[in-house]
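Each residue of the sequence shown is one higher than the one before, counting from 1 in the UniProt record's numbering.
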Amino acid sequence: MTSPRKSPINIPCNDITNIPCNDITKYVTIDIPCCVIKIRGTTYESPHGIPLDLLDRLLIISTSEYTEKEMKQILKIRCEEEDVEMTGDALTLLTRVGMETSLRYAIQLITTANLVSRKRKGQEVEIEDIKRVYSLFLDESRSTQFLMEYQQEFMFSEKQAVEADKMEVA
1 MTSPRKSPIN
11 IPCNDITNIP
21 CNDITKYVTI
31 DIPCCVIKIR
41 GTTYESPHGI
51 PLDLLDRLLI
61 ISTSEYTEKE
71 MKQILKIRCE
81 EEDVEMTGDA
91 LTLLTRVGME
101 TSLRYAIQLI
111 TTANLVSRKR
121 KGQEVEIEDI
131 KRVYSLFLDE
141 SRSTQFLMEY
151 QQEFMFSEKQ
161 AVEADKMEVA
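Structure, rendered in structure tokens:
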């Protein structure tokens, strides 16, 4: 759920969206707050902070997160499309990983887990294969955590720059 905030849609942006779309760009996807807020650059308020003439021409689709059952079905279909045989337990673990991280990350683990399975000459992707690739490839939150934890070790960390500035002043 998006919290109420100023919308990035303003009058110049509205002018750009009024230009007829060509064959390549028929659709524009915008993530906007769900409330009545002030249109930037004006004194008017409207739903989503979008000018009413533009709002009349939009199709607004409400979205929600996938349930565990839906996520599992999507991952199962993706396994079929990639010709990956996976045990039920491995699919359940992959579903849990997808629910905690993202569907995109879980889908990327399918291919890499299949490669690990082939390397050990397995017929199916098993739990150990999923665990192996999960430990090798970081999702966004674990990557961010790693970078925050070891940022002083990187060549151009901001902490080093601040400490260097303090040393120059002294």
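Each residue gets a CB set at the ideal place from its N, CA and C atoms; glycine is no exception.
Just so it is clear, the structure is predicted and the values come from calculations on it, not from any experiment.
| query | result |
| --- | --- |
| Cutoff 7 Å; reference THR43; Cβ partners in own chain excluding five residues on either side | none |
| Run of the alpha helix (DSSP H) containing residue 172, from where it starts to where it stops | Nothing in the structure corresponds to residue 172, since the chain is present only between 1 and 170. |
| Residue from GLY98, PHE154, ARG120 with nearest C-alpha to SER141 | GLY98 |
| From ILE110, VAL36, LEU54, ARG78, residue whose alpha carbon lies closest to that of SER46 | VAL36 |
| Cα-Cα separation, THR112 to MET155 | 30 Å |
| Distance between ILE61 and ILE50 (C-alpha atoms, nearest Å) | 15 Å |
| CYS79 at chain D interface by Cβ criterion, 7 Å | Annotation note: the requested chain D is absent from the structure, which comprises a single protein chain. |
| Check whether LEU93 and ILE39 have beta carbons under 7 Å apart | no |
| Nonlocal neighbours in the same chain, by C-beta distance under 7 Å from PHE146, ignoring five residues either side | LEU138 |
| In DSSP terms, what SER141 is bridged to | SER141 pairs with nothing; no bridge assigned. |
| Cβ neighbour criterion (16 or more within 10 Å) applied to ILE77 | exposed |
| CA-to-CA distance, THR144 to GLN151, given in whole angstroms | 10 Å |
| Inter-residue spacing [alpha-carbon to alpha-carbon] between LEU91 and ILE110 | 9 Å |
| Cβ distance (whole Å) where MET71 is taken to contact GLU124 below 8 Å | That pair is no contact at about 20 Å. |
| Residue burial classification, CYS34 (beta-carbon count within 10 angstroms, cutoff 16) | exposed |
| For GLN108 and GLU149, the rounded distance between their alpha carbons | 25 Å |
| Alpha-carbon spacing of HIS48 relative to GLU100, whole angstroms | 29 Å |
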